[in-house]
Every structure is written in structure tokens, then in C-alpha cells.
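What follows is a short report on a single structure.
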Amino acid sequence: AALRANTEAGLSHFEALIGAKSLSEVVELQTAFLRKQVEMTVEQAKDFQTVASKAAEDVSKPIKTAFEKAMKEVKAA
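First residue of the sequence shown? That's 10 in the working numbering, and the numbers climb one at a time after it.
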């Protein structure tokens, strides 16, 4: 999804640059594009962090459960 969004934004920006009538318009378009790209990158990084945290939690859950079970058995003994 992120790759598609980035590609579409880049192509759209390229089309806008081609249609620019002046250097100042090119600068405005480029500035706006870069601002949007930074915002998109920050949002994608947040999404990635959420996914990575969930994956780490899912992977560690069985280990945590086994450890807790072993600790209960040790305390009961």
C-alpha cells in the first residue's frame, strides 16, 4: 500500500511539473510535494511501528506463556 501511494504521488507530481508554466510554479509544486512526502513517510513509519510491535508481541506470547507456566510449577514445587 505504501509503495503504491508513493508511486502514485510521484507520478502525479511529475505530471504537475510538466504542466508548470514558470519556475516559481515548479518551486511551489516541489515544496508542496516534499512536504507531503515527509508527512506520508512519518505516517508510514508509525504504521510500520504498530505492525512491528504487534508482530513482536505475537511472537513472544508463546514464550511468555511457557515461562509463566514454568515459574508457577517451580513455585508449587
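Beta carbons are placed, not taken as given, at the ideal position from N, Cα and C, and that holds for glycine.
{"Query": "Three or more C-beta pairs below 8 angstroms linking the stretch 64–76 and the stretch 39–50", "Result": "no"}
{"Query": "Cut-off 8 angstroms between Cβ atoms - residues of its own chain near residue 29, not counting five sequence neighbours on either side", "Result": "35, 38"}
{"Query": "Straight-line gap, residue 47 to residue 74 (C-alpha atoms, nearest Å)", "Result": "40 angstroms"}
{"Query": "CA-to-CA distance, residue 63 to residue 101, given in whole angstroms", "Result": "Limits of the chain in this structure are 10 at one end and 86 at the other, which puts residue 101 out of reach."}
{"Query": "Rounded distance between the beta-carbons of residue 49 and residue 18, thought under 8 angstroms", "Result": "7 angstroms"}
{"Query": "Sequence-distant residues of its chain with Cβ nearer than 6 angstroms to residue 25 (five each side left out)", "Result": "38"}
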